[in-house]
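Asks: Residue numbers (our numbering): 1 to 71.
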Amino acid sequence: MNVLIFSTDVSAPEQVSKVQPVLSAVPAISDWNIDLEDCDKILRVVSNDLSPRYIETLLNNAGFNCTELEY
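1) Could you tell me the alpha carbon to alpha carbon distance between I29 and L23, rounded to whole angstroms?
2) Where does the unbroken alpha helix (DSSP H) through E56 begin, and where does it stop?
3) For S47, which beta-bridge partners are listed by DSSP?
4) In angstroms, rounded to a whole number, what distance separates the CA positions of Y71 and S7?
5) Taking all protein chains shown into account, decide if P47 is buried (16 or more other Cβ within 10 angstroms of its Cβ) or exposed.
See below:
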């Protein structure tokens, strides 16, 4: 499993509720979470097969900024 890490502009539980169906609909994602306490509103996605660009596109299409963080 790979953990992909992104900076987002998801800043409230209501926004997490909008992201939830988008990410949960992708079978290749085994787990994900957003740290609303972090200044970068970190999204962590656990998957084997997905590219970071795919996740960025999903969130961008849902109306959120999402940028992969190098680690």
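Glycine included, each C-beta is placed from N, C-alpha and C at the ideal position.
Replies: With the given structure in hand:
1) Looking at the two C-alpha atoms, the distance is approximately 7 Å.
2) First-last of the alpha helix (DSSP H) with E56: P52 to N61.
3) DSSP output for S47 lists N2 and I29 as bridge partner(s).
4) Between Y71 and S7, the C-alpha separation is close to 12 Å.
5) The sequence shown places Ser at residue 47, rather than the Pro named in the question. With a threshold of 16 other beta carbon atoms within 10 Å, S47 meets it and is buried.
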